[in-house]
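Numbering (the numbering used here), first residue to last: 7 to 339.
From the three backbone atoms N, C-alpha and C, an ideal C-beta is built for every residue, glycine too.
Treat the numbers as computed from the prediction; the structure is a model and nothing was measured.
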């Protein structure tokens, strides 16, 4: 666990932070134990809506960008290696020591190896299938790792470092985009919209009056704003599984995430399916793409009365699910 490892490393003095000044804590997952750190000095840097809300509810100062006056930092290593490098570089650029903590499955070993070639790295504390260490060096020592908030791919799309499919359109989204009907009449919601590829495709269809892009990762949503300049599009930074919005919608399009760690977790996608059913009109349709091996059939059958396979292709399955259950009393807007 990240929590016990970080706290243990602080408690035994293996890592330390300045006695005064703000401490930027980059992307700590909800539930991370930060009790070994001075709560009043912490500035949580997080763009993922559920985690952002978690830390704000606990009374912490939460922001998208680190404070300019940070005296030190803690980086909880994310799964994306380019993002991890950029966060560490950003933390070091603000000056002061930086604590780096991560799981082996998230690449902490290779990250520390790369860091040793560039800056001073303390002896790491190994605990709970991960490592925690402190780095120090000139503020610009890792400048080559810094990434812009938004990036433009070779195909012209604007994406965000660390976002899903940051290098270009995901094959599943491409397949669903092609499978959408020529006409999508009425109001549409894109749950887990990412940087906007599917919403862009939906806006090409006839009959669409408005589309709500719901995305939990703030940087990805900013990329979507850059990709979609259409007055019918509305952008919502939120956890799609809890978002209510201005329902009901006539259509929901979705390429749901299927993990919160490196292990696939079908419950994540099932929560998106349940949210779609809740948001749709009684005659509405969910247009879904998923990896073929993910067992979403039970969730689909439990929330929709009609399922229409749209085909399977190269490891993906596409489904149109209509007539959401338990949704007969929702009034039309």
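contact_flag[the stretch 66-85, the stretch 21-31] where n(CB pairs < 8 angstroms) is 3 or more = yes
CB-CB under 6 angstroms to residue 314, same chain, minus the five flanking residues each way: which ones, in chain order?
-> As a first step, residue 314 is located in the chain shown; it is residue number 308 there, counting from the start. If we look at residue 314 and ignore the five residues flanking it on each side, its Cβ neighbours are 326.
Member of 307, 264 and 226 whose CA lies at the smallest distance from the CA of residue 299 | Position 293 of the chain shown, counted from the first residue, corresponds to residue 299. Of the candidates 307, 264 and 226, the one whose C-alpha sits nearest the C-alpha of residue 299 is 264.
Considering residue 142, what are the terminal residues of the beta strand (DSSP E) in which it resides?
-> For the purposes of this step, residue 142 is taken as the residue at position 136 of the chain shown. 136-142 is the span of the beta strand (DSSP E), which, as asked, contains residue 142.
Leaving aside the five residues before and after residue 215 along the sequence, list all residues of the same chain whose C-beta is less than 7 angstroms from its C-beta, in chain order.
-> On the chain shown, position 209 is the one that residue 215 refers to. The beta carbon of residue 215 sits closer than 7 angstroms to those of 192, 193 and 238, all from its chain and outside the five residues before and after it, given in chain order.
Classify residue 181 as buried or exposed, calling it buried when 16 or more other Cβ atoms lie within 10 Å of its own Cβ.
-> Here residue 181 is taken as the residue at index 175 of the chain shown, counted from 1. It is buried - the Cβ of residue 181 has at least 16 other Cβ atoms within 10 Å.
Report the three-state DSSP secondary structure of residue 183 (helix, strand or coil).
-> Counted from its first residue, the chain shown places residue 183 at position 177. In this structure, DSSP gives residue 183 a helical state, which the three-state scheme calls helix.
Sub-8 angstroms separation of residue 233 and residue 206 beta-carbons | The count along the chain shown starts at 1 and reaches residue 233 at position 227. The count along the chain shown starts at 1 and reaches residue 206 at position 200. For residue 233 and residue 206, yes; Cβs fall inside 8 angstroms.
Within 10 angstroms of its Cβ, does residue 144 collect 16 or more other Cβ (buried), or is it exposed?
-> In the chain shown, counting from the first residue as 1, residue 144 sits at position 138. Under this definition residue 144 is an exposed residue.
Rank 248, 278 and 88 by C-alpha distance to the C-alpha of residue 259 and give the top, closest one.
-> Walking along the chain shown from the start, residue 259 turns up at place 253. Closest by alpha carbon: 278.
In terms of DSSP beta bridges, what is residue 161 paired with?
-> The residue given as residue 161 occupies position 155 in the chain shown. BP columns for residue 161 are empty, so no partner.
Between which two residues does the alpha helix (DSSP H) harbouring residue 297 extend?
-> The sequence position of residue 297 within the chain shown is 291, counting from 1. Looking at the DSSP string, residue 297 is not in any alpha helix (DSSP H); the run it does join, the beta strand (DSSP E), is 286-297.
Going along the chain, which residues of its own chain have a beta-carbon closer than 6 angstroms to the beta-carbon of residue 251, five neighbours each way excluded?
-> If you number the chain shown from 1, residue 251 lands on position 245. Taken in chain order, the residues that qualify are 218.
Residues sharing a beta bridge with residue 80, DSSP | The sequence position of residue 80 within the chain shown is 74, counting from 1. 31 and 105.
Taking the DSSP output, what are the residues bridged to residue 67?
-> As a first step, residue 67 must be located in the chain shown, where it is residue number 61. Answer is 49.
What is the C-beta distance between residue 104 and residue 141, in whole angstroms, given that I count them as a contact (C-beta under 8 angstroms)?
-> Within the chain shown, the letter at position 98 stands for residue 104. Within the chain shown, the letter at position 135 stands for residue 141. Their Cβ separation, rounded to whole angstroms, is 5 angstroms, which keeps residue 104 and residue 141 in contact under 8 angstroms.
In terms of residues, what are the limits of the alpha helix (DSSP H) holding residue 231?
-> Your numbering for residue 231 matches position 225 in the chain shown. Start and end: 224-233.
Within its chain, find whatever has a CB closer than 6 angstroms to the CB of residue 229; leave out the 5 residues flanking it on each side and keep chain order.
-> Looking up residue 229 in the chain shown gives position 223. Taken in chain order, the residues that qualify are 156, 164, 165, 166 and 201.
Quick one: using the 10 Å Cβ neighbour count with 16 as the cut-off for buried, is residue 96 buried or exposed?
-> For the purposes of this step, residue 96 is taken as residue 90 along the chain shown, with counting starting at 1. The residue in question, residue 96, is buried, as its Cβ has 16 or more Cβ neighbours within 10 Å.
Around the C-beta of residue 119, are 16 or more other C-beta atoms found within 10 angstroms, so that it is buried, or is it exposed?
-> By one-based count along the chain shown, residue 119 stands at place 113. Exposed.
Could you check where the beta strand (DSSP E) with residue 322 kicks off and where it finishes?
-> In the chain shown, residue 322 corresponds to position 316, counting from 1. Its beta strand (DSSP E) spans residues 322-330.
Compare the C-alpha of residue 161 against each of 175, 170 and 149 and name the closest.
-> Locating residue 161 in the chain shown gives position 155, where the first residue counts as 1. Nearest C-alpha to residue 161: 175.
What is the C-beta distance between residue 89 and residue 168, in whole angstroms, given that I count them as a contact (C-beta under 8 angstroms)?
-> Here residue 89 refers to the residue found at position 83 of the chain shown. Here residue 168 refers to the residue found at position 162 of the chain shown. 3 angstroms between Cβ atoms; contact.
Can you tell me which of 316, 283 and 121 puts its alpha carbon nearest to the alpha carbon of residue 305?
-> As a working note, residue 305 is residue 299 in the chain shown. Of the listed residues, the one whose Cα sits closest to residue 305 is 283.
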